[in-house]
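Residue numbers (our numbering), protein chains in the order written: chain A, 1078 to 1425; chain B, 1078 to 1425.
Here's the structure, in structure tokens; my notes come after.
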């Protein structure tokens, strides 16, 4: 039996947060609490991904998901990336080689067929129908991240089992198929537009940090809420200390930027993000280009020079243990729904 | 007794849609159905506003609101507007005089004190405390439109009775205090952030077009949903035919623009909006400047040259009569909340 959202005790899915915040410990904690933990399969080798899946299975028997990035768009002209690289000359640290690769996608897909995680979710594009068929034949449910109604219709057409509907509020990368149109629709509007075009189960993502917001997306038609930013301050997450501190302060706005990766992403505004507002759409080349800069800034504790991914409601994120937090948020959502259903029932 | 949202039969407020869509007939239909109809007090004379209030009171005994624009920011340098005017030289029709005025705000406030509508809502800024006190002493509830948590805290501080929380999904003008920071937060994220800073009743606005979205914002903590775009295709609305047609087609994206008014607003993307992406922040001068252009384009039925305000979920707007529609949406919201409360109650 392919995994269904109805199999979860809690209507909560962990967002994949590649590049640091996601850990096996975090996924295990979400799984053990009754939500769906997620292994962020991007940005690490297929071998390491396989190890993380084995480690997660050793930590929990509950279902979980693995997120992969779809194949990137064709490479832009090298001059575009060279021009951006030149503009980074004043930054501390060496630049990386701006290579265009597919993040070992084929090896990772083969690994999915072999290891059969209950869910494989995709970001940055939709897998082709044969890939979807192959994964489903292996017993994996296939989820696709969408940011527009058009992407939703396309993903439904290739046989996706569910759609992750990502509103513009979301922290980290826009999951859009094409970064030229990164999708700027607010979550509540997008949920309505997508639900009008497909009957697939929808997982709502973007700016959901409280039990009330979980209640909100469920009432608006989602089958579950995907939480990323909400979990970034938990002790199980691999979020850097300086990043956690700025989240806790909650004073700065977030903004969309291509400065770090060459793909549109939302982060807490800092110096690097502001200084390089002219970054081109060139993923993954820019991502590789800035990788050593980001690593150096993280090592130095300089929060002005590495990516501070966060969704728009980040000031409300809690630092409680992940399992406790997920349980509590689900309880709050349940209580709120019961309360509001009674409130509107009573004749005024 | 000052008006309270609990006095409404339905948790629905009509959005003020100055400049055409709002009519006395629309407000009366929403009021009669049990929602809160709204008179759009901006862009018409104080005398005409008084007449509309009298006409609405003749049509319904139910409570209603009046929306006013707060005092504008100081005028920008004339060269800024002259430069923009020069860029409009290729457009069909004469340009208007780019005057800086306050839309008869003082006369309109005096009218409110005299006519005592149950609710006076403000957009484009927060009234000063003495103004709030004067209105409240006259029996008007004072509502303030906010687009950031900071604006919400400020409005609570001057004694607002409720806050209209406007997400970035919303059609028409951003209700921000200052157009230099037009507020880009998605509705669901903003509701959470504002609720964390104030206990005032919240009216959720932006991209709410279906019963499920109403259910969503109520579950997320709002006391009511404010609907604008959802009502623009109703027969009672004054929306131009070409505007209605493009809404019904639902094919084009919306985008934020200052091209028509000099203040950030969301509309269905058309030629004028795309051609004048460099419009300055200069309200109301640019609004007066383009007024004859917009009127000429409307008269000629040229939907590429007048403002097509619409929220991000506009393709789902219905053309049913407003009273019927509002009743149906409220019923759908009620049913959905009851359904989802049961769904999460049952142990999985």
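Glycine residues also receive a C-beta, built at the ideal position from the N, C-alpha and C atoms.
is_contact[residue i, chain B] using C-beta, thresh 8 Å
i              : result
residue 1289/A : yes
residue 1280/A : no
residue 1437/A : Outside the modelled stretch of chain A, which goes from 1078 to 1425, sits residue 1437/A, for which no answer is possible.
residue 1223/A : no
residue 1245/A : yes
residue 1196/A : no
residue 1344/A : no
residue 1262/A : yes
Buried versus exposed, by CB contacts within 10 Å (16 or more), residue i
i              : result
residue 1078/A : exposed
residue 1155/B : exposed
residue 1312/B : exposed
residue 1091/A : buried
residue 1238/A : buried
residue 1093/B : buried
residue 1147/A : buried
residue 1261/A : buried
residue 1183/A : exposed
residue 1181/A : buried
residue 1257/A : exposed
residue 1124/A : exposed
residue 1299/B : buried
residue 1310/A : buried
residue 1249/B : buried
residue 1205/B : exposed
residue 1176/B : exposed
residue 1321/B : buried
Under 8 Å from the C-beta of residue i: neighbouring residues of chain B
i              : result
residue 1393/A : 1269, 1270 and 1273
residue 1283/A : 1263, 1265 and 1266
Cutoff 8 Å: residue i Cβ touching any chain A Cβ
i              : result
residue 1350/B : no
residue 1389/B : yes
residue 1286/B : yes
Amino acids of chain B, ordered along the chain, whose beta-carbon sits closer than 7 Å to that of residue i
i              : result
residue 1293/A : 1265, 1293, 1294, 1296 and 1297
Proximity test, residue i beta-carbon vs the ligand ZN heavy atom, cut-off 7 Å
i              : result
residue 1081/B : Looking for the ligand ZN in the displayed structure turns up nothing, as the structure carries no ligands at all.
### Task
Pull out every residue of the region 1393 to 1421 of chain A whose Cβ sits closer than 9 Å to any Cβ of chain B, in chain order.
Within the region 1393 to 1421 of chain A, the residues whose Cβ lies closer than 9 Å to some Cβ of chain B are 1393, 1407, 1410, 1411, 1413, 1414, 1415, 1416, 1417, 1418, 1419, 1420 and 1421, listed in chain order.
### Task
Scan the region 1081 to 1093 of chain A for residues whose Cβ lies nearer than 8 Å to a Cβ of chain B and list them as they occur along the chain.
1083, 1084, 1085, 1086 and 1088
### Contact residues within the region 1227 to 1246 of chain A, judged by C-beta distance below 8 Å to chain B
Answer set for the region 1227 to 1246 of chain A: 1244, 1245 and 1246.
### Task
Return the residues of the region 1137 to 1163 of chain B that lie within a Cβ-Cβ distance of less than 8 Å from chain A, sorted by chain order.
none
### Message
When you compare the region 1346 to 1363 of chain B with the region 1411 to 1419 of chain B, are there three or more beta-carbon pairs, one atom per stretch, that lie closer than 8 Å?
### Response
no
### Message
Whether or not the region 1326 to 1341 of chain B and the region 1328 to 1342 of chain A are in contact is what I'm after, with contact meaning three or more pairs of Cβ atoms, one per stretch, closer than 8 Å; do they touch?
### Response
no
### Message
Pairs of beta-carbons, one from the region 1184 to 1202 of chain A and one from the region 1238 to 1254 of chain A, closer than 8 Å: are there three or more?
### Response
yes
### Query
If we count Cβ pairs, one from each stretch, closer than 8 Å, do we get three or more for the region 1350 to 1357 of chain B versus the region 1156 to 1168 of chain B?
yes
### Message
Below 8 Å, how does it come out for the region 1364 to 1378 of chain A and the region 1286 to 1294 of chain A: are there three or more Cβ pairs, yes or no?
### Response
With fewer than three CB-CB distances shorter than 8 Å, the region 1364 to 1378 of chain A does not count as touching the region 1286 to 1294 of chain A.
### Query
So, do the region 1208 to 1216 of chain B and the region 1397 to 1408 of chain B have three or more beta carbon pairs nearer to each other than 8 Å?
no
### Message
Within 8 Å, do at least three Cβ pairs link the region 1133 to 1142 of chain B to the region 1106 to 1122 of chain B?
### Response
yes
### Query
Contact between the region 1166 to 1179 of chain B and the region 1109 to 1128 of chain B: three or more CB pairs below 8 Å?
The region 1166 to 1179 of chain B is not in contact with the region 1109 to 1128 of chain B.
### Query
Should the region 1264 to 1284 of chain B be called in touch with the region 1263 to 1274 of chain A, which here means at least 3 C-beta pairs below 8 Å?
Using a C-beta cut-off of 8 Å, the region 1264 to 1284 of chain B makes contact with the region 1263 to 1274 of chain A, since at least three inter-stretch Cβ pairs fall below that distance.
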